[in-house]
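Numbering (our numbering), first residue to last: 8 to 312. Beneath this line is the structure, given in structure tokens, with notes to follow.
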């Protein structure tokens, strides 16, 4: 009988133990390499595939466009190129031009001309002429509460900085740069006018541009409630009346609009899947909240999301 000493026995098992550790490590690494990625945007964008094309959404809107930003895939459209008034959706372009020319901490004066209503029942803030606000707060008043006098204030400020160039010219120049060939602006607030119109397809381009370049606009659009302070120390309380903020999850950004001519309009960017924003544009709707909820549900069902 051969007896093996304790030290020799240990030496015998050392390479076996090392080999088992190596195999375990390789299996552990391969698990992470081969495990499926989470449901998210792929590094190589693959268009969504329809799983049920026999359904039509029941909506009241005259014009709709639903587009995935990642690859421009049109998921649904209804009269997307019809010229229509867009109400306060116009303020999205006003905000873009404003941010191109203003620093967020510039002090801006609300003028007498901005406070002069241009039509009856126009939505106006309680801020008096002569009040000074930071440009960041001008943006909040314009996006959260959609005040027309504040949109005019923003336009006047930019025009003065640009040697009194008409603000609408700057808006239309930007629209041309973005390929919004069926869009025309003639006022910064979105008042009904024969010279202020767009299409659902063009507004998708604007929403996509904001998502990729001016996320601050969308950040502000998601603020439900906040206070702002003027230079003189006056406090103004803002409450977002957009019901979607409490009823739809994963909103990236949104803007509503409503006039007699435009009826109810809406731009909504939402992550239906993680980090995969989809733009919903709804124009001339009888009930934009109902329509967008229907369209989100329809998109998830038809594309199996």
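Glycine included, each C-beta is placed from N, C-alpha and C at the ideal position. These numbers were taken from a predicted model, which means no experiment stands behind them.
Through-space distance from residue j to residue i, alpha-carbon basis
| i | j | result |
| --- | --- | --- |
| residue 206 | residue 183 | 14 Å |
| residue 312 | residue 268 | 35 Å |
| residue 263 | residue 289 | 10 Å |
| residue 247 | residue 216 | 23 Å |
| residue 122 | residue 300 | 36 Å |
| residue 199 | residue 265 | 10 Å |
| residue 243 | residue 235 | 5 Å |
| residue 62 | residue 302 | 11 Å |
| residue 228 | residue 165 | 21 Å |
| residue 239 | residue 138 | 8 Å |
| residue 94 | residue 271 | 8 Å |
| residue 284 | residue 187 | 20 Å |
| residue 85 | residue 211 | 13 Å |
| residue 130 | residue 153 | 8 Å |
| residue 304 | residue 171 | 47 Å |
| residue 143 | residue 237 | 11 Å |
Closer than 7 Å: residue i CB and nearest the ligand COA heavy atom
| i | result |
| --- | --- |
| residue 120 | Judged by which ligands are present, the structure shown has none, so any question about the ligand COA falls away. |
Residue i, buried or exposed, once every other Cβ within 10 Å from all chains shown has been counted against 16
| i | result |
| --- | --- |
| residue 293 | exposed |
| residue 141 | buried |
| residue 82 | buried |
| residue 111 | exposed |
| residue 220 | exposed |
| residue 209 | buried |
| residue 103 | buried |
| residue 213 | buried |
| residue 56 | exposed |
| residue 308 | exposed |
| residue 176 | exposed |
| residue 92 | buried |
| residue 124 | exposed |
| residue 259 | buried |
| residue 201 | exposed |
| residue 192 | buried |
| residue 90 | exposed |
| residue 132 | buried |
| residue 282 | exposed |
| residue 135 | exposed |
| residue 254 | exposed |
Cβ-Cβ distance between residue i and residue j below 8 Å
| i | j | result |
| --- | --- | --- |
| residue 276 | residue 99 | no |
| residue 158 | residue 101 | yes |
| residue 278 | residue 257 | yes |
| residue 286 | residue 74 | yes |
| residue 155 | residue 196 | yes |
| residue 168 | residue 233 | no |
| residue 97 | residue 249 | no |
| residue 160 | residue 230 | no |
| residue 295 | residue 70 | no |
| residue 224 | residue 150 | yes |
| residue 87 | residue 72 | yes |
| residue 54 | residue 80 | yes |
Per DSSP, the bridge partner or partners of residue i
| i | result |
| --- | --- |
| residue 274 | 262, 288 |
| residue 140 | 115 |
| residue 236 | 242 |
| residue 283 | 280 |
| residue 4 | No answer is possible for residue 4: it lies beyond the span of the chain, which begins at 8 and ends at 312. |
| residue 85 | 71 |
| residue 91 | 205 |
- [ ] Taking only runs that begin and end inside the segment 148-228, name each unbroken alpha helix (DSSP H) of 4 or more residues, in chain order.
- [x] DSSP runs (the alpha helix (DSSP H)) wholly in the segment 148-228: 155-168, 174-184, 207-220, 222-228.
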